[in-house]
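Whatever position you read off the sequence shown (first residue = 1), add 51 for our numbering.
The beta-carbon is built from N, C-alpha and C at its ideal position, and this holds for glycine as well.
Some notes on the structure that comes next.
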Amino acid sequence: MIDYGKVPWRAVQEYLLSIESAPTMNEFFSRAVSAIDRLIPSDVGVGLQDLSSGKVLSGNGYGFSESNCLAWDEYYRFRIPFAQNFSKEAALSLVSDNHCALFKWSDYRDSEFVTDFVGPGEACNLVCVMPGLHIMMSFHRSPWVSVFSEAHCAALAVLSPHVSNLYSCFRKLGQAAPFTVSQEQVMERFPRISKREAEVAILLCYGLTASEIASKLFISVRTVQTHLDHLYLKLDVRRKREAISLLTGNTEHNTRDPARELDL
């Protein structure tokens, strides 16, 4: 059960805004680990890993230096029980339990990774799995720092689905065909459309779903649906495909085919 009273909401919002504005996928990964330090300090480091391969996507701090990431990717990830035992089933069990779990490195004291990099003591590792993605974020603390608190776990539980949605949006936008119409051009072509409706319209044309648009704009899905209803009304269309055709300059929607009216 998440204790929402322990969530630092302003810091959560600032973190999401930081990664949302990343210009590239590599920068998205970099900001995801560097900007979170204000929320969940980690004296060793924070890393973002691909669950399917176990490889580090991005990291910061001593424990995730470039040389250590390379050593992990090429050697240690095959040799420590934590990596070997962290199966898809284990990941799903974390997702169902507020997305995060705490591990102590002392449980793996006989592994080479702990011997070489972690050292003795009760060092701990907070793991967060992004729902719907094969991505895991790991926070590492040395034995001389206090363990992760309930507030840290609560913040991660809140952040996890939002980061997942933003990553999904980022990937879709990157794979989408070039779309050159700007928000200003949409508003100029359709004066009745508001600024927010134009923002929703642009993301709709990129192929984002209502929930993804909500995550991208930090509004509720219900609000997105209201904007879409108003958008369709002002464009005089009844379906998503008709709206996209009109917004992108494809006039095919103007000739309605009764046989296609059920294609929602």
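Asked, Found
"Reduced DSSP category for HIS191 - H, G, I as helix; E, B as strand; rest coil", "strand"
"Beta-ladder partner(s) of LEU177, from DSSP", "LEU153 and PHE190"
"Classification of ASN176 by the beta-carbon crowding that lies within 10 angstroms, buried from 16 upward", "buried"
"Residue range of the unbroken alpha helix (DSSP H) whose run includes SER109", "First-last for SER109: 107-111, but that is the beta strand (DSSP E), not the alpha helix (DSSP H)."
"Candidates ARG160, GLN100, LYS267 and HIS278: closest to LEU217 by CA position", "LYS267"
"Cβ distance (whole Å) where SER69 is taken to contact ARG82 below 8 Å", "5 Å"
"Other residues of its chain near ILE91: CB distance less than 6 Å, five sequence neighbours each side excluded", "PHE190 and HIS203"
"Cα-Cα separation, HIS304 to HIS278", "The predicted model places HIS304 with a pLDDT of 39, which falls under 50 and marks its position as unreliable; any figure quoted below should be read in that light. When rounded, the distance between both Cα atoms is 20 Å."
"GLN276 versus LYS246 - alpha carbon distance", "15 Å"
"HIS185, buried or exposed, once every other Cβ within 10 Å from all chains shown has been counted against 16", "exposed"
"Sequence-distant residues of its chain with Cβ nearer than 7 Å to VAL196 (five each side left out)", "ASP94"
"Environment of GLN100 [buried if 16+ CB atoms lie within 10 Å]", "buried"
"Beta-carbon proximity list for PHE115, same chain, < 6 Å, skipping 5 on both sides", "GLY96 and GLY98"
"Strand pairing of VAL97, partner residues [DSSP]", "ASN111 and PHE190"
"Among LYS291, ALA206, SER219 and ARG240, nearest to LYS57 - alpha-carbon criterion", "ALA206"
"Continuous alpha helix (DSSP H) stretch holding ALA252: start and end", "246-256"
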